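Q: Structure below; questions to follow.
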């Protein structure tokens with residue numbers, strides 16, 4: 201059969217069509233996936249960087265980055281106390297790009313704590329938990345807890361001195377949980393001390409249990425946002441004038457650009473500052489000071505000022521209060537407005553300033569002058585160092601709320617913004633003190 205130029209061109213055209221069809225199918229699949237996560241159209245105002253800061257999307261990108269880098273690390277990591285440390289050393293020194301992959305995993309995990317925390321703050325400040333979004337707020341709070349537990353379980357895996365003693369300090373708190381503390385501590389550690397059982401438990405939690413829980417929670421979180429019509433936004437004075445735009449390409453382009461910049465920053469960060477690895481864990485020689493991981497430094501600082509049971513109770517009160525915020529602030533007219541109103545903004549400034557001023561002063565006073573055990577010599581330690589500072593702290597939080605209402609005639613929701621700002625800034629200050637201003641024997645010391 202004679203092959204002419206025409207028949208050859210027709211054959212080439214037929215050969216090319218499936219590939220064009222394949223590309224279109226891939227594009228359609230990608231678009232379908234995107235529209236499972238986002239509504240088809242979003243208000244133009246929702247694209248503003250100054251409203252959401254892209255924190256939810258950035259957190260999702262970091263989570264994916266952690267999943268991929270974690271899978272790569274599993275090919276070389278050995279979860280035994282005899283081989284864990286040396287397998288990390290081998291990964292760093294002998295595996296191509298091993299140090300880079302570990303650095304990406306390490307810094308992504310730390311950065312995820314920051315982005316999820318900031319995302320929660322942003323959602324609160326804009327009232328994003330109102331108007332039927334209470335359950336999703338609870339799921340978001342759970343995700344923050346899961347991120348902290350993820351970091352905590354992964355912290356032990358290198359089996360170096362810093363990680364070993366940080367986990368030892370942190371897990372010692374579990375024993376103070378009423379009624380079930382001792383049993384829960386032994387369950388987590390698989391024994392009385394941090395050893396092979398603890399490493400095996402932490403590894404299983406880190407690579408199997410927590411990823412499953414996080415994937416389910418994230419899936420529901422995104423689905424719920426999608427079902428609610430996207431992110432919360434201000435109630436427009438005239439809803440008909442709020443111009444919607446298509447998710448593809450307007451929102452997708454912005455998210456892709458933000459994800460690309462974030463990944464570039466993480467990779468560059470990991471190249472310039474590799475993940476730390478100290479000396480191998482030595483149970484017989486604790487470092488001085490023995491500090492918890494930085495994201496638990498605020499809690500460790502609280503423990504220096506009150507009985508562990510009181511500290512756990514205080515943390516429970518704060519976390520429970522945060523979880524129940526949707527049921528305490530139901531005013532729907534201020535959704536999407538940062539700080540609810542100008543009065544709410546002033547209440548937030550008051551709370552932040554009070555925390556910046558009072559928390560360092562109270563830390564110094566308690567360190568050098570305040571001695572409740574000497575003032576209450578006949579009282580049990582649980583009372584003098586536990587109940588008294590706990591009640592004083594709760595009274596102080598109530599006073600911050602009351603000041604917001606009294607000074608600015610703030611409504612309930614606006615005063616809650618001031619209280620929220622106080623708690624957040626106080627936690628940040630305590631974390632900074634714990635990380636930078638605690639020296640030998642956990643005494644206050646200048647960092648330079």
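In our numbering, the protein residues as written are 201 to 648.
Each residue gets a CB set at the ideal place from its N, CA and C atoms; glycine is no exception.
If you're wondering where the values come from, they're calculated on a predicted model, not measured in any experiment.
1) Below 8 Å on the Cβ atoms is my guess for residue 358 versus residue 503; work out the distance and round it to an integer in Å.
2) Using a Cβ-Cβ cutoff of less than 8 Å, which residues in the same chain neighbour residue 377 once the five nearest sequence positions on both sides are dropped?
3) Measure from the alpha carbon of residue 616 to the alpha carbon of each residue in 571, 582, 647, 540, then state which is nearest.
4) Taking the CB atoms as reference points, tell me whether residue 458 and residue 261 lie closer together than 9 Å.
5) For residue 373, collect the residues of the same chain with a Cβ closer than 7 Å to its Cβ; drop the 5 residues on either side in sequence, then sort them by chain order.
6) Whose C-alpha, out of 242, 268, 644, is nearest the C-alpha of residue 411?
7) When you compare the stretch 622-637 with the stretch 551-561, are there three or more beta-carbon pairs, one atom per stretch, that lie closer than 8 Å?
8) Looking only at its chain, what residues have a beta carbon closer than 6 Å to the beta carbon of residue 382, apart from the 5 residues adjacent to it on each side?
9) Got a sec, what are the start and stop residues for the beta strand (DSSP E) residue 609 sits in?
10) Using a Cβ-Cβ cutoff of less than 7 Å, which residues in the same chain neighbour residue 366 once the five nearest sequence positions on both sides are dropped?
11) Among 600, 567, 364, 465, which one has its Cα closest to the Cα of residue 479?
12) Whose CA, out of 347, 277, 428, lies closest to the CA of residue 336?
13) Which whole-angstrom value describes the C-beta separation of residue 322 and residue 255, a residue pair presumed to lie in contact below a C-beta threshold of 8 Å?
14) In terms of residue numbering, what span does the alpha helix (DSSP H) encompassing residue 242 cover?
15) In the structure shown, what three-state DSSP assignment does residue 393 receive?
16) May I ask you to report which of helix, strand or coil DSSP gives residue 445?
17) Contact defined as beta carbons within less than 8 Å: I believe residue 432 pairs with residue 302. What is the distance between those atoms, to the nearest angstrom?
18) Does DSSP put residue 638 in a helix, in a strand, or in coil?
19) In chain order, what are the residue ranges of uninterrupted alpha helix (DSSP H) at least 4 long that sit wholly in the stretch 271-353?
20) Give every residue of the same chain whose Cβ lies closer than 8 Å to the Cβ of residue 318, excluding the five residues on either side of it in the sequence, and list them in chain order.
21) Tell me the residue span of the alpha helix (DSSP H) that contains residue 531.
22) Less than 9 Å between the beta carbons of residue 589 and residue 510, yes or no?
23) Label residue 307 either buried or exposed according to how many other C-beta atoms from any shown protein chain fall within 10 Å of its C-beta, with 16 as the threshold for buried.
24) Give the range of the alpha helix (DSSP H) segment to which residue 564 is assigned.
25) State the start and end residues of the unbroken alpha helix (DSSP H) segment that holds residue 512.
26) Quick check on residue 582: does DSSP put it in helix, strand or coil?
27) Could you check what DSSP says for residue 266 in three-state terms: helix, strand or coil?
28) So if DSSP puts residue 249 in a beta bridge, which residue, or which two residues, is it bridged to?
29) Taking the beta carbon of residue 224 as the centre, do at least 16 other beta carbons fall within 10 Å, making it buried, or is it exposed?
30) Suppose the cutoff is 7 Å on Cβ atoms and the five residues either side in sequence are ignored; what does the same chain contact list for residue 532 look like?
31) Go ahead and pull the three-state DSSP assignment for residue 616.
32) For the stretch 269-278 against the stretch 291-301, do three or more pairs of beta-carbon atoms, one drawn from each stretch, fall closer than 8 Å, so that the two count as touching?
33) Would you kindly check if the distance between the Cβ of residue 371 and the Cβ of residue 523 is under 9 Å?
A: According to the structure shown:
1) Not quite, the Cβ-Cβ distance comes to about 25 Å (not below 8 Å), so this is no contact.
2) 384, 512
3) 540
4) yes
5) 508, 512
6) 268
7) yes
8) 375
9) Per DSSP, residue 609 belongs to no beta strand (DSSP E) and is neither H nor E.
10) 355, 491, 492, 493
11) 364
12) 428
13) 6 Å
14) It is not in any alpha helix (DSSP H) - residue 242 instead sits in the beta strand (DSSP E) that spans 241-243.
15) coil
16) strand
17) Not quite, the Cβ-Cβ distance comes to about 38 Å (not below 8 Å), so this is no contact.
18) strand
19) 284-294, 298-325
20) 253, 255
21) Premise fails: residue 531 is in no alpha helix (DSSP H) and is neither H nor E.
22) yes
23) buried
24) 542-568
25) 508-523
26) helix
27) helix
28) According to DSSP, which records beta bridges pairwise, residue 249 is partnered with nothing at all.
29) exposed
30) 330, 331
31) helix
32) yes
33) no
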